[in-house]
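Shown next, in structure tokens, is the structure this report addresses.
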Amino acid sequence: MRILMILAHPDPNSFNHAIAAAARQTLEDNGHQVTFHDLYAEGFDPLLPAGEIARGAKLPGDVARHCEETAQADGLIVVHPNWWGMPPAVLAGWVDRVMRPGTAYEFVGEDGGEGVPAGLLKADRAIVFNTSNTEAGREETVFGDPLERIWKDCVFGLCGVPDVTRKMFRIVCTSTPDERRGWLDEAARIVAATFPSGA
27 MRILMILAHP DPNSFNHAIA AAARQTLEDN GHQVTFHDLY AEGFDPLLPA
77 GEIARGAKLP GDVARHCEET AQADGLIVVH PNWWGMPPAV LAGWVDRVMR
127 PGTAYEFVGE DGGEGVPAGL LKADRAIVFN TSNTEAGREE TVFGDPLERI
177 WKDCVFGLCG VPDVTRKMFR IVCTSTPDER RGWLDEAARI VAATFPSGA
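If you want the numbering used here, it's the 1-based position in the sequence shown plus 26.
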């Protein structure tokens, strides 16, 4: 399978990078073709220019490549921290520029953009790994787990990816090395179960 992995964390020593490395190794061990993007390291520009909004707009080479890789992927993995209940700005901008009409979704029939789009992505499964320093009960009761809504309902749900697994690792700032090793093992198990060898 062709798996697209997107990482969004500015610190190469972060636990997010460790999660991405464990996930990538598991995919490669299972014989999958991995396309990997570290958005911060690559300097991905998250700003969506007005000229890119329209369907069929001429895109810069790097954005066009991201669109093609996203459209062709059999599966997707996204790794990022929970910042203010949102993905980092660079990843939000990646969604703005890459999950675009004609690539990830389209409005059909007489729908001029006011309705619910039809998803176009080939991928039938995705994993989102998050890190947080917010206790689970507070995240769910006070904030309503916004990342769950963003990824499952708003992004992948509207772009045609039916099977979305999301795992939040917490609380990172007080975690021990043993806890982190256990989390990395868990991440690898989730990846192996979602994208098994020979799939």
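All C-beta atoms, glycine included, are put in the ideal place defined by N, C-alpha and C.
Beta-carbon separation (whole angstroms), residue i vs residue j, contact threshold 8 Å
i: Phe155; j: Ile45; result: 5 Å
i: Leu65; j: Val116; result: 5 Å
i: His35; j: Pro107; result: 6 Å
i: Arg215; j: Val187; result: Going by Cβ atoms, the distance from Arg215 to Val187 rounds to 21 Å, so no, they are not a contact pair.
i: Val217; j: Ala49; result: 5 Å
Which listed residue (the options) has its alpha carbon closest to that of residue i
i: Arg123; options: Met31, Val181, Arg206 and Leu73; result: Leu73
i: Val105; options: Trp120, Gly141, Gln98 and Arg81; result: Trp120
i: Asn159; options: Tyr131, Ala76, Ala49 and Met194; result: Met194
i: Met31; options: Phe133, His63 and His58; result: His63
i: Gly145; options: Trp110, Ala97, Met27 and Thr157; result: Ala97
i: Glu78; options: Glu140, Met125, Leu173 and Ala47; result: Met125
Boundaries (first-last residue) of the alpha helix (DSSP H) holding residue i
i: Pro203; result: Pro203 to Thr220
i: Thr96; result: Gly87 to Gln98
i: Ile176; result: No alpha helix (DSSP H) holds Ile176; DSSP gives it neither H nor E.
i: Glu140; result: Per DSSP, Glu140 belongs to no alpha helix (DSSP H) and is neither H nor E.
Backbone CA spacing between residue i and residue j [nearest angstrom]
i: Gly69; j: Gly208; result: 31 Å
i: Leu184; j: Gln51; result: 29 Å
i: Glu166; j: Asn56; result: 34 Å
i: Val60; j: His92; result: 13 Å
i: Ile153; j: Phe41; result: 17 Å
i: Pro38; j: Glu54; result: 21 Å
i: Asp100; j: Met27; result: 6 Å
i: Gly87; j: Ala76; result: 17 Å
i: Trp177; j: Arg192; result: 9 Å
i: Glu95; j: Pro127; result: 15 Å
i: Val134; j: Pro143; result: 7 Å
i: Ala118; j: Asp211; result: 28 Å
Delimiting residues of the beta strand (DSSP E) encompassing residue i
i: Thr61; result: Gln59 to Asp64
i: Ile103; result: Gly101 to Pro107
i: Ile32; result: Arg28 to Leu33
Three-state secondary structure assigned by DSSP to residue i
i: Asp189; result: strand
i: Pro127; result: strand
i: Ile153; result: strand
i: Phe195; result: strand
i: Gly145; result: strand
i: Glu136; result: coil
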